[in-house]
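Below: one structure, written as structure tokens.
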Amino acid sequence: MNAPGKTTAGSYRLRLAGRVIGLAGWCFSFCHSDAAADPESRWLHGFVLVQTGHQLAEQELWPLAMANYAAALNQFEALSVDHPDFQPRLLGYRKADLKERIASAAEAMQPGEHDLEMLYEDVIETAREGASRRYALDFEGSYQFLVRAQWQFEAVLRQCSEGAVQALAKQRAFIEEITSETREDLIRQPDGPLKLHNIEKDFAAAVQIALTDLPSFRPDQIESETETGMSSALFPEALVLQVRGEWYR
-4 MNAPGKTTAG
6 SYRLRLAGRV
16 IGLAGWCFSF
26 CHSDAAADPE
36 SRWLHGFVLV
46 QTGHQLAEQE
56 LWPLAMANYA
66 AALNQFEALS
76 VDHPDFQPRL
86 LGYRKADLKE
96 RIASAAEAMQ
106 PGEHDLEMLY
116 EDVIETAREG
126 ASRRYALDFE
136 GSYQFLVRAQ
146 WQFEAVLRQC
156 SEGAVQALAK
166 QRAFIEEITS
176 ETREDLIRQP
186 DGPLKLHNIE
196 KDFAAAVQIA
206 LTDLPSFRPD
216 QIESETETGM
226 SSALFPEALV
236 LQVRGEWYR
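Numbering (this note's numbering), first residue to last: -4 to 244.
This is the structure we're talking about:
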């Protein structure tokens, strides 16, 4: 057993992976800002995904590495189609290299890990779409995707080793933060509380869980917004009472 406070090479690499994965979380938001259409921003997004994949591969976290490689490949392929004159040789090299790395990761994965890889890839794509809609100020659409991404990510973490959970901590924090911020932005809209309730209620029903089991669920905030955000001419008292009665069903 290592002495308390002693840093092992393995723990250092896991922390390094966590820092790089934190960049991937930042990149979710960056690549879908107003600059998202320019090829340089899209290239940067793909590059960060590649680097994240490399760090995870060093930890032999093959399903997680493969998901990042696959997302990067999708990014570069779409970039080549949309901007055929942008660094064609470099993109060609990156795409070929990623295909080889994906094949190698697939060979290294255990049979039961393929489902984890696909689920984590869904997290990446769903969070990216949620970030895109958020920065387009579509808070309702964004929250629909981010609620799903947060739920999917928790499902990924339940299947991961302790080391992998530590490595993914910053990405987890990013998804939690952007989901919470989008929730707050949505609930401030004139009809936001009802939209928020419908999104959470519908998603909970889709995955067959109680509404209160959603990672994004905030009963204290709902009660507060029921009193304030819904007490307007748009929401007469009878409707407020009706929604309040259905909130926890």
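Cβ atoms here follow ideal geometry from the backbone N, Cα and C, with glycine treated the same way.
>> Does I204 come out as helix, strand or coil in the three-state DSSP assignment?
In response: coil
> What do you get for Y88, buried or exposed, if any count of 16 or more other CB atoms within 10 angstroms of its CB means buried?
Replying inline: exposed
>> Tell me which residues share the same chain as K190 and place their Cβ nearer than 6 Å to its Cβ, disregarding the 5 neighbours each side in the sequence.
In response: E135
> Nearest-angstrom Cα distance between W57 and S36?
Replying inline: 27 Å
> Which ranges does the beta strand (DSSP E) cover as unbroken runs of at least 3 residues, wholly within the region 69 to 107, from first to last along the chain?
Replying inline: none
> Looking at C-alpha atoms only, which residue of V43, G48 and G187 is the closest neighbour of A62?
Replying inline: G48
> Just the Cα atoms here: how many angstroms apart are P251 and R84?
Replying inline: Since the first residue of the chain shown is -4 and the last is 244, residue 251 is not available in this structure.
>> Taking the alpha carbon of P210 as the reference point, which residue from E72, V43 and F148 has its own alpha carbon closest?
In response: F148
> Counting pairs of Cβ atoms below 8 Å between the region 73 to 84 and the region 131 to 146, do you hit three or more?
Replying inline: no
>> Tell me the rounded alpha-carbon separation between Q139 and I194.
In response: 6 Å
>> Check this for me: beta carbons of V45 and A73, under 9 Å apart or not?
In response: no
> In whole angstroms, what is the alpha-carbon distance linking G41 and E120?
Replying inline: 12 Å
>> Let's see if you can read the secondary structure: which residues bound the alpha helix (DSSP H) around R129?
In response: H109 to Y130
>> By alpha-carbon positions, which one of C155, K90, G125 and V43 ends up nearest to A144?
In response: G125
>> I need the straight-line Cα distance from I182 to A201, nearest angstrom please.
In response: 22 Å
> Any idea what DSSP makes of E171, helix, strand or coil?
Replying inline: helix
> Do L111 and Y64 have their C-beta atoms closer together than 9 Å?
Replying inline: no
> E108: which of P79, V76, D117 and L59 sits nearest, CA to CA?
Replying inline: L59
> From L102 to S156, what does the alpha carbon distance come to, in whole angstroms?
Replying inline: Checking the sequence, you will find Glu at residue 102 rather than Leu. Approximately 20 Å between the Cα atoms of the pair.
> What do you reckon, are the CB atoms on L51 and A150 nearer than 9 Å?
Replying inline: no
> How close, in whole Å, do the beta carbons of T174 and L206 come, if the pair is a contact with beta carbons under 8 Å?
Replying inline: Not quite, the Cβ-Cβ distance comes to about 16 Å (not below 8 Å), so this is no contact.
> On the premise that T177 lies in contact with S137, defined as a C-beta separation below 8 Å, what is that separation, rounded to the nearest angstrom?
Replying inline: 5 Å
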